[in-house]
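Protein sequence lines correspond, in order, to chains Z and L.
Going by this note's numbering, the first sequence opens with residue 1, and the numbers climb by one from there.
Going by this note's numbering, the second sequence opens with residue 1, and the numbers climb by one from there.
Notes to accompany the following structure.
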Amino acid sequence: MQKQAIFQAKLLPYALVAPQLAVVLIFFYWPAAQAVIQSFLLQDAFGLSTSFVWFENYLDLFRDPAYFEAIVRTFFFSFAIAVSSLSFALLLAVMADKPLRGSMLYRTLLIWPYAVAPPVVGVLWIFMLHPSLGVLSRYLRAMGVDWNPLLDGNQAASLIILAAAWKQISYNFLFFLAGLQAIPKSVFEAAAIDGARPMRRFWTVTFPLLSPTIFFLLVVNIVYAFFDTFGIIDTMTRGGPGTSTVTLVYKVYSDGLLGGNLGSSAAQSVILMVMVIVLTGIQFRFVERKVTY
Amino acid sequence: MALRHFGAAAAVAATVGLGASPAWAATEIQWWHAMTGANNDVIVKLATDFNAAQTDYKVIPTYKGNYADTMNAGIAAFRAGNAPHIMQVFEVGTATMMAATGAVKPVYKLMAETGEKFDAKAYLPAITGYYSTSKGEMLSFPFNSSSTVMWVNLDELKKANVEIPKTWPEVFEAGKKLKAAGHATCGFSGSWVTWVNLEQLSAWHNVPLASKANGLDGFDTVLEFNGPLQVKHLEKLVELQKDKTYDYAGRTNTGEGRFTSGECPIYLTSSAFFGNVKAQAKFAFTAVPMPYYPDVKGAPQNSIIGGASLWVMGGKAADEYKGVAKFLTFLSDTERQVYIHKASGYLPITKAAYAKAKEEGFYKDQPYLETPLLELTNKEPTENSRGLRLGNMVQLRDVWSEEIEQALAGKKTAKQALDAAVERGNTMLRQFEKTAVK
Chain Z
1 MQKQAIFQAK LLPYALVAPQ LAVVLIFFYW PAAQAVIQSF LLQDAFGLST SFVWFENYLD
61 LFRDPAYFEA IVRTFFFSFA IAVSSLSFAL LLAVMADKPL RGSMLYRTLL IWPYAVAPPV
121 VGVLWIFMLH PSLGVLSRYL RAMGVDWNPL LDGNQAASLI ILAAAWKQIS YNFLFFLAGL
181 QAIPKSVFEA AAIDGARPMR RFWTVTFPLL SPTIFFLLVV NIVYAFFDTF GIIDTMTRGG
241 PGTSTVTLVY KVYSDGLLGG NLGSSAAQSV ILMVMVIVLT GIQFRFVERK VTY
Chain L
1 MALRHFGAAA AVAATVGLGA SPAWAATEIQ WWHAMTGANN DVIVKLATDF NAAQTDYKVI
61 PTYKGNYADT MNAGIAAFRA GNAPHIMQVF EVGTATMMAA TGAVKPVYKL MAETGEKFDA
121 KAYLPAITGY YSTSKGEMLS FPFNSSSTVM WVNLDELKKA NVEIPKTWPE VFEAGKKLKA
181 AGHATCGFSG SWVTWVNLEQ LSAWHNVPLA SKANGLDGFD TVLEFNGPLQ VKHLEKLVEL
241 QKDKTYDYAG RTNTGEGRFT SGECPIYLTS SAFFGNVKAQ AKFAFTAVPM PYYPDVKGAP
301 QNSIIGGASL WVMGGKAADE YKGVAKFLTF LSDTERQVYI HKASGYLPIT KAAYAKAKEE
361 GFYKDQPYLE TPLLELTNKE PTENSRGLRL GNMVQLRDVW SEEIEQALAG KKTAKQALDA
421 AVERGNTMLR QFEKTAVK
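This is how it looks when you write it as structure tokens:
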């Protein structure tokens, strides 16, 4: 069997990839290069005075203990968000995959929250759990729980993780459900005939066959937790109380956009970019080995 | 052929379209602002009235989002070379705007160059001081100003048999009594934690927040708010937070609903909260001056303002500046200032307008609307109470809030928290100083 298709045309393939390349160049490489350049500059908000400062912006960051705290916090948040939203979505998908009456309705309802924008998610959770505006927090207080995420850093952090994970569940659910439905039913039936109980069938049949989906979602979720959660943080806690919910990407936003400190903000973006490249590299190098395609 | 016809038709249409408007030859003046609701109506009315009053200029107001959004939009537009003529910037953006020499046109220069009649003494010094150099040159034009006041739920105070407190020790006492009388989750509270408990507190007691007249005399200013008064005040709040006699309500004004819902009977926040209180409170209320510590000599001094001012952007044509200057003169008119004051609840900016509102008996039924004015004009402003001009103020406030939150959560002592706030803030000020245009 011939494995490789051979095309004779010399220019056609280039012409075909050119639009895609142009998009990547304009929307990724160009801004990325801008960020690298900006990270070596010290500039006022209006761009009136610019000086080249070599690596000073980076050095300032590495001298700042708060920056290291933000790095550790970001990794913790990402891990917590990815694990909780992935496991919960998998559970829901396995249940919704069962032959149930009205399963289409369940599936549709489970997918819906994905259409909600992150700041809206923030506002939604504020209405439930804000210490003075929240509906649920009144019940919590009535039950004797000292619920005050405005002052308790751990509560605020859990709130952010909860909201961010909740937002991502639908997306994960969608992929898990598709993955589950792609597994041939005959494999389950064979396992059932062999006497495997549901839990054993899940861990020995379903889980390995889902591993490409899980791997893909792991990468996507970590990138999501790194970059897309700042809208939630901004609406819910603005990084507080103290600095207990300041993540790397929130710091990029607040230093650059609110503080007008573009040099430091650019340096942080570059570090963040490198971090995600390395992280994704590690995932593909090591985690992917466990994946069965 | 078809194209030429189209061109001709478009030209005709354009002429007709412009001809239909009486100001077709008018010079357009872009005004970017951050006002919503009733205040947006005020802005639109001001622009419409000005446009109707003459035919040479046309002011076009555009809403650009909240204060920070508007400022960022203006900065981005400036970098792209098409800044608006007039930009509304909140008071904490003052240092950033002022540092941008060349990007902005100082108002006193604008008025002098265009030959508009302009007397800096006609404006209330407590308001213009914030936006002027140490020599008294007005850099931006005050538009909407407010100050911190103490909102009081009269019904609940009566029920708990508590007099309206005047000093901080009285507030603490009142908080305890109110808590005992059923306000278990909040005796007293406030919004904008740094504005109320650091910035206003310092000015009201005539102690410095930062060196160099709180930054008004130069960007090489150093923060100084870790002094005994501020530490003592924060210590007290930390102590009362433990049993919720005081209950922290967040960095911004999201906690204001706790006053209107009746949860917190005493609440310190902006006088601009008036509109919401009037619309939502189902109880008798009033606003009284901020409390003070009676053992501090000379207290209370005067309060400082919040709100926003109008900045004129640089690099525009001479006839456009002429129009901007005419518009600012138009806004300074006494009748107009009285109208803005009544319609928006913000303060009048000229002495004449204040006198007129008083004369009309505007404060008789609503004495609380005069409270911020009485605070601002309580005494002649000093170096410590004229205003603040600190670079990166938005971020500074976040850093200060972070430290105050640590103290209130019991992770740091009040002194440690304020020391850290000063140290971290100073680092940011040095950063700002480096980038400021010399």
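We put the CB at the ideal spot given by N, CA and C, even for glycine.
Is DSSP giving T108(Z) helix, strand or coil here?
T108(Z): helix per DSSP, three-state reduction.
Judging by CA-CA distance, which residue of A89(Z), G256(Z) and A163(Z) is the nearest neighbour of Q38(Z)?
Out of A89(Z), G256(Z) and A163(Z), G256(Z) has the C-alpha closest to the C-alpha of Q38(Z).
Around the Cβ of M428(L), are there at least 16 other Cβ atoms within 10 angstroms (buried) or fewer (exposed)?
M428(L) is buried by the Cβ-count criterion.
Please check if any C-beta of chain L sits within less than 7 Å of the C-beta of A45(Z).
With its beta carbon less than 7 Å from one in chain L, A45(Z) belongs to the interface.
Looking only at its chain, what residues have a beta carbon closer than 8 Å to the beta carbon of A80(Z), apart from the 5 residues adjacent to it on each side?
Cβ-Cβ distances below 8 Å link A80(Z) to I161 and A165 in the same chain, with the five nearest sequence neighbours on each side left out; the list follows chain order.
Endpoints, beta strand (DSSP E) assigned at Y368(L)
Looking at the DSSP string, Y368(L) is not in any beta strand (DSSP E), and its letter there is neither H nor E.
Provide the residue span of the alpha helix (DSSP H) that contains Q283(Z), from first to last.
Where Q283(Z) is concerned, the enclosing alpha helix (DSSP H) stretches over L262 to R285.
Check whether P165(L) and P291(L) have beta carbons under 7 Å apart
Contact: yes.
Could you spell out the range, first to last residue, of the beta strand (DSSP E) harbouring S51(Z)?
S51(Z) -> beta strand (DSSP E) spans T50 to F52.
Would you say the segment 334–353 of chain L touches the segment 242–259 of chain L, given that touching needs at least three Cβ pairs under 8 Å?
With contact defined as three or more Cβ pairs closer than 8 Å, the segment 334–353 of chain L and the segment 242–259 of chain L are not in contact.
Alpha-carbon to alpha-carbon, L223(L) and S211(L)
Cα-Cα distance, rounded: 6 Å.
May I ask you to list the residues that DSSP assigns as paired with M87(L)?
W32(L) and W311(L), per the DSSP bridge assignment.
Which residues in the same chain have their Cβ closer than 6 Å to the Cβ of A287(L), if we skip the five residues on either side of it in sequence?
Same-chain partners within the cutoff: V149, W151, Y368 and T371.
Could you compute how far the alpha carbon of F173(Z) sits from the alpha carbon of Q395(L)?
Spanning the alpha carbons of F173(Z) and Q395(L) requires a straight line of approximately 38 Å.
Kindly indicate which residue of D217(L), G182(L), H233(L) and L124(L) has the alpha-carbon position closest to the one of Q200(L).
Considering only alpha carbons, the answer is H233(L).
Bounding residues of the beta strand (DSSP E) (the contiguous stretch that carries S211(Z))
Note, S211(Z): premise wrong, no beta strand (DSSP E); alpha helix (DSSP H) at F207 to F227.
Taking only three categories from DSSP, how would you classify S189(L)?
Three-state DSSP puts S189(L) in a strand.
Indicate whether the contact test is met: 3 or more Cβ pairs, each with one atom in the segment 196–215 of chain Z and one in the segment 60–73 of chain Z, closer than 8 Å.
Contact between the segment 196–215 of chain Z and the segment 60–73 of chain Z is absent: fewer than 3 CB-CB pairs across the two stretches fall below 8 Å.
For A225(Z), collect the residues of the same chain with a Cβ closer than 7 Å to its Cβ; drop the 5 residues on either side in sequence, then sort them by chain order.
So the qualifying residues of the chain are F77, S78, I81, A82 and A164.
Given 6 Å as the limit, tell me if R336(L) has its C-beta closer than that to any heavy atom belonging to the ligand ATP.
The model on display carries no ligand, and the ligand ATP is accordingly not part of it.
Taking Cβ positions only, does G134(Z) come closer than 7 Å to chain L?
Chain L, which has no Cβ nearer than 7 Å to the Cβ of G134(Z), makes this no.
Start and end residues, beta strand (DSSP E) containing N153(L):
First-last of the beta strand (DSSP E) with N153(L): F141 to N153.
Just how far apart, CA to CA, sit I222(Z) and A196(Z)?
Rounded to the nearest angstrom, the two C-alpha atoms are 34 Å apart.
What are the residues of the segment 56–84 of chain L that lie near chain Z, defined by any Cβ-Cβ distance shorter than 8 Å?
Near chain Z, meaning a CB-to-CB distance below 8 Å, the residues of the segment 56–84 of chain L are A68, N72, I75, F78 and R79.
Starting from the beta carbon of D155(L), find every residue of chain Z whose beta carbon is closer than 8 Å, and list them in chain order.
Neighbours of D155(L) on chain Z: none; closest Cβ ~20 Å, over 8 Å.
Just the chain Z side, please: which residues come within less than 9 Å of K411(L) by C-beta, in chain order?
Contact of K411(L) with chain Z by beta-carbon distance below 9 Å involves G153 and G242.
Distance CB(F285(L))-CB(N197(L)) smaller than 7 Å:
No; because the gap between Cβ atoms is not below 7 Å, this pair is not in contact.
Check this for me: beta carbons of V59(L) and W32(L), under 7 Å apart or not?
The answer is no: Cβ separation not under 7 Å.
Name the two residues that bound the continuous beta strand (DSSP E) containing I60(L).
For I60(L), the enclosing beta strand (DSSP E) starts and ends at Y57 to Y63.
Unbroken alpha helix (DSSP H) run spanning I161(Z), endpoints
Per DSSP, the continuous alpha helix (DSSP H) segment holding I161(Z) begins and ends at G153 to A182.
Where the segment 261–276 of chain Z meets chain L: residues whose CB sits under 7 Å from a CB there:
Of all residues in the segment 261–276 of chain Z, only N261 place a beta-carbon less than 7 Å from a beta-carbon of chain L.
When burial is assigned at 16 or more other CB atoms within 10 Å of the CB, is T245(Z) buried or exposed?
Under the 10 Å beta carbon count, T245(Z) is surrounded by 16 or more other beta carbons and is classified as buried.
For a contact meaning CB atoms closer than 7 Å, what does S401(L) contact in chain Z?
Correct list: G240.
Output the boundary residues of the beta strand (DSSP E) element that contains F285(L).
F285 to V288 is the extent of the beta strand (DSSP E) around F285(L).
Tell me whether V422(L) sits in a helix, a strand or coil according to DSSP, three-state version.
Here V422(L) sits in helix by DSSP.
G259(Z) touches chain L at which residues, Cβ-Cβ below 8 Å?
Ordered by position in chain L, the residues that pass the 8 Å Cβ test against G259(Z) are N392, V394, Q395 and M428.
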